[in-house]
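Undergrad:
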Amino acid sequence: MLRNDLLEYIPVDSSPTHKTIALAYDEAFEQGFNVTSKEIMDYLGVSSQWVPRHITNIKFRVINLVAKKALAKYGRPEFKPLHAYTKIYNRKSFESELLRNSFVEVTKGLLPATKIPRSLISCADACILYKMDRKTFYRRTKSATKYNIYGLKRYSAREIEHILLDAF
Numbered sequence: 012m013l014r015n016d017l018l019e020y021i022p023v024d025s026s027p028t029h030k031t032i033a034l035a036y037d038e039a040f041e042q043g044f045n046v047t048s049k050e051i052m053d054y055l056g057v058s059s060q061w062v063p064r065h066i067t068n069i070k071f072r073v074i075n076l077v078a079k080k081a082l083a084k085y086g087r088p089e090f091k092p093l094h095a096y097t098k099i100y101n102r103k104s105f106e107s108e109l110l111r112n113s114f115v116e117v118t119k120g121l122l123p124a125t126k127i128p129r130s131l132i133s134c135a136d137a138c139i140l141y142k143m144d145r146k147t148f149y150r151r152t153k154s155a156t157k158y159n160i161y162g163l164k165r166y167s168a169r170e171i172e173h174i175l176l177d178a179f
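Residues 12 to 179 in my numbering are what the sequence shown lists, from first letter to last.
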């Protein structure tokens with residue numbers, strides 16, 4: 012669902028079979044509906060409650076109980092990991108919305124991000140991972156690029172790794 016757009020109605024046969032239902036979902040998976048809430052949680056380092064509260068303007072498909080049964084019987088095996096989820100998001104929609112809500116922190120404020128790292132890390136997670144306190148972390152990472160994504164302060168995990176491992 013995109014901002015200010017009505018829900019998109021996808022017509023289905025009046026009495027669809029499990030086979031046609033599974034085929035429709037497999038087509039959706041092929042067309043980019045393959046981002047799970049778990050993937051979003053892992054990427055942004057957020058809780059399961061955070062995702063539905065903040066990730067609202069992204070196209071998605073719901074996999075209901077009938078669809079789960081249809082996919083279990085007729086679904087393509089390469090998409091089997093997606094069958095366990097109730098809500099599957101569109102990758103292009105997620106990436107564009109993520110970029111729209113991402114900024115790079117500079118001394119004078121925030122600039123829109125043009126690119127986001129593949130792997131992000133928060134200050135708290137980095138402090139645990141590299142066994143240091145926040146004060147030490149901030150002192151050593153002054154030169155690191157700081158991202159503000161949906162209001163969350165994040166760093167490039169790779170950049171932090173290079174900075175902190177070089178410091179030792």
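Here a beta-carbon is modelled for each residue, glycine too, at the ideal position from N, C-alpha and C.
On the criterion of 16 or more Cβ atoms from any shown chain inside 10 Å, does MET12 qualify as buried, or is it exposed?
TA: Confidence is the limiting factor: at MET12 the pLDDT is only 41, short of 50, which leaves the residue's position unreliable, though a coordinate-based value still follows. It is exposed - the Cβ of MET12 has fewer than 16 other Cβ atoms within 10 Å.
Undergrad: Would you grab the beta carbon distance between ARG72 and PHE44 for me? Rounded to a whole angstrom, and I think it's under 8 Å.
TA: ARG72 to PHE44, Cβ: 5 Å. Contact.
Undergrad: Identify which residue in SER113, GLU108 and THR152 has its Cα closest to the Cα of LEU176.
TA: Checked all of SER113, GLU108 and THR152; the closest Cα to LEU176 is THR152.
Undergrad: Starting from LEU109, trace the alpha helix (DSSP H) in both directions and tell me its first and last residue.
TA: Its alpha helix (DSSP H) spans residues 102–111.
Undergrad: At the level of alpha carbons, what is the spacing between SER154 and THR67?
TA: Cα to Cα, SER154 sits roughly 33 Å from THR67.
Undergrad: For the alpha helix (DSSP H) holding ARG129, just list the boundary residues, first then last.
TA: From DSSP, ARG129 is part of no alpha helix (DSSP H); its letter is neither H nor E.
Undergrad: Restricting to Cα atoms, I'd like to know which of GLU172, HIS94, TRP61 and LEU82 is closest to THR31.
TA: Closest by alpha carbon: LEU82.
Undergrad: I'd like to confirm the pairing. Which residues does DSSP put opposite THR47 in its beta bridges?
TA: DSSP, once it has assigned bridges, lists ILE99 as partnering THR47.
Undergrad: With DSSP as the reference, identify every bridge partner of GLU116, one or two as the case may be.
TA: Answer by DSSP bridge pairing, in chain order: LEU121 and LYS157.
Undergrad: Given ALA124, which residues of its chain have a CB within under 7 Å of its CB, disregarding the five upstream and five downstream residues?
TA: If we look at ALA124 and ignore the five residues flanking it on each side, its Cβ neighbours are LEU110, SER113, PHE114, VAL115 and TYR158.
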